[in-house]
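Please read the structure below before turning to the comments.
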Amino acid sequence: HAADAMHTDLMTITRFVLNEQSKYPESRGDFSILLSHIVLGCKFVCAAVNKAGLAKLIGLAGETNVQGEEQKKLDVLSNEVFVKALVSSGRTCILVSEEDEEAIIVEPSKRGKYCVVFDPLDGSSNIDCGVSIGTIFGIYMIKDAGAARLEDVLQPGKNMVAAGYCMYGSSCTLVLSTGSGVNGFTLDPSLGEFILTHPDIKIPKKGKIYSVNEGNAKNWDGPTAKFVEKCKFPKDGSPAKSLRYIGSMVADVHRTLLYGGVFLYPADKKSPNGKLRVLYEVFPMSFLMEQAGGQSFTGKERALDLVPKKIHERSPIFLGSYDDVEEIKALYAAEE
Ligand code: AHG
Ligand code: MN
Ligand code: MN
Ligand code: MN
Numbered sequence: 003h004a005a006d007a008m009h010t011d012l013m014t015i016t017r018f019v020l021n022e023q024s025k026y027p028e029s030r031g032d033f034s035i036l037l038s039h040i041v042l043g044c045k046f047v048c049a050a051v052n053k054a055g056l057a058k059l060i061g062l063a064g065e066t067n068v069q070g071e072e073q074k075k076l077d078v079l080s081n082e083v084f085v086k087a088l089v090s091s092g093r094t095c096i097l098v099s100e101e102d103e104e105a106i107i108v109e110p111s112k113r114g115k116y117c118v119v120f121d122p123l124d125g126s127s128n129i130d131c132g133v134s135i136g137t138i139f140g141i142y143m144i145k146d147a148g149a150a151r152l153e154d155v156l157q158p159g160k161n162m163v164a165a166g167y168c169m170y171g172s173s174c175t176l177v178l179s180t181g182s183g184v185n186g187f188t189l190d191p192s193l194g195e196f197i198l199t200h201p202d203i204k205i206p207k208k209g210k211i212y213s214v215n216e217g218n219a220k221n222w223d224g225p226t227a228k229f230v231e232k233c234k235f236p237k238d239g240s241p242a243k244s245l246r247y248i249g250s251m252v253a254d255v256h257r258t259l260l261y262g263g264v265f266l267y268p269a270d271k272k273s274p275n276g277k278l279r280v281l282y283e284v285f286p287m288s289f290l291m292e293q294a295g296g297q298s299f300t301g302k303e304r305a306l307d308l309v310p311k312k313i314h315e316r317s318p319i320f321l322g323s324y325d326d327v328e329e330i331k332a333l334y335a336a337e338e
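The opening position of the sequence shown corresponds to residue 3 in full-length UniProt numbering, with each subsequent residue numbered one higher.
Below you can see the structure in the form of structure tokens.
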């Protein structure tokens with residue numbers, strides 16, 4: 003009857019995080035407050051993305067960022083929204099954004115104990131054609147309370163206390179891990195609340211999809227070329243894998259997390275460290291993959307073991323279903 007249709011015990015992301023917080027009696031709720039500000043930023047960007055075409059928010063902003071990329075209007079707007087939301091939360095001390103050349107040191111009166119690294123708008127090349135894009139974030143605790151120093155954000159990804167992304171696609175989905183599993187929340191625009199829709203996400207152990215920009219194939223190294231060849235022409239008579247590549251990391255990773263398979267952004271002769279940025283793309287997605295039972299490899303080591311030296315450092319990345327990444331690790335090991 004009607005009551006079954008309407009779910010009345012709504013698990014919102016706010017309630018979910020407060021439940022998590024209650025596991026730590028000494029917690030003063032700082033993380034919950036920080037997360038509520040990140041969620042606010044995601045809701046704002048979601049609204050902006052949904053009306054981008056109508057509100058003249060597509061196209062170039064006319065600037066170039068530290069990555070040497072032409073910034074889109076939505077890159078700049080999203081960045082402003084998240085910087086303002088994070089600083090005003092009073093719970094952060096250092097911010098690293100893809101769109102800011104230098105780390106942002108929060109003024110002492112507004113400082114808290116968290117460092118947030120983020121990609122305010124991921125998949126910018128897909129904005130103008132309305133294909134899914136997203137926001138990616140990772141959260142560290144600062145090493146020592148008083149000072150806000152750069153080494154507080156140059157920590158290996160395994161030190162992150164939380165990571166997540168928000169995908170602005172056919173629905174607005176926020177996927178989060180605070181270190182005990184992965185949960186997905188879908189924005190109900192009529193309530194303005196993120197509702198738990200994907201509890202305890204676990205990635206399939208093996209997948210049937212590989213996700214890579216085949217346009218870079220001429221520049222790949224041996225192991226990557228061998229793995230992709232095997233996906234297309236399996237020797238053991240198993241069916242070939244499907245290729246799915248959206249070009250927004252958030253969308254490719256979200257599909258990989260839910261359906262299984264492997265996402266690759268390998269090194270190549272042009273860019274020996276690949277393209278994806280360690281702090282705010284590789285680490286958060288690797289953290290989520292491990293929390294969901296998958297894994298993430300750089301071609302040399304476990305991605306979360308990397309110790310970044312610069313805030314916009316890049317790394318090759320192979321992430322997804324545990325068994326699929328194992329195959330890639332074996333191919334790189336054989337090369338050594
Ligand atoms: P961003 O838009 O934040 O700069 O990130 C774009 C990244 C990532 O989203 C995606 O996986 C990758 O660029 C796609 O790169 P190619 O177009 O070279 O395949
Ligand atoms: Mn960019
Ligand atoms: Mn990105
Ligand atoms: Mn970006």
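Note that the Cβ used here is the ideal one computed from N, Cα and C, for glycine as well.
Secondary structure within the segment 28-56: the alpha helix (DSSP H) runs of 4 or more consecutive residues, fully enclosed, are 32-52 (chain order).
The segment 311-328 makes contact with the segment 195-211, as at least three CB pairs between them are under 8 Å.
With a cutoff of 8 Å, L278 counts as near ligand 3, since its C-beta is closer than that to a heavy atom of the ligand.
Residue pairing of L176 in beta bridges, as defined by DSSP: C168, F187. A distance below 9 Å separates the beta carbons of D307 and G159. With contacts defined by Cβ atoms closer than 9 Å, M162 and I135 do not form a contacting pair.
Unbroken alpha helix (DSSP H) stretches of 4 residues or longer found wholly inside the segment 175-260: 224-234, given in chain order.
With a cut-off of 8 Å, the C-beta of N81 is classified as distant from ligand 1, since no heavy atom of the ligand falls inside that distance.
Put simply, the segment 101-120 does not touch the segment 226-246. Fewer than three CB pairs are less than 8 Å apart.
Relative to ligand 3, G125 has its C-beta within less than 8 Å of a heavy atom.
In this chain, the alpha helix (DSSP H) harbouring M287 covers 285-293. By the criterion of a C-beta distance shorter than 8 Å, T199 is surrounded in its chain by T175, G186, F187, T188, once the five residues flanking it on both sides are discounted.
Spanning the alpha carbons of M143 and A150 requires a straight line of approximately 11 Å. Sixteen is the threshold: since fewer than 16 other Cβ atoms of the shown chains lie within 10 Å of the Cβ of P236, the residue is exposed. Going by DSSP, L123 is part of the beta strand (DSSP E) stretching over 113-124. Here the segment 61-80 makes no contact with the segment 9-20; the two share fewer than three CB pairs at distances below 8 Å. D121 has its CB nearer than 8 Å to a heavy atom of ligand 3.
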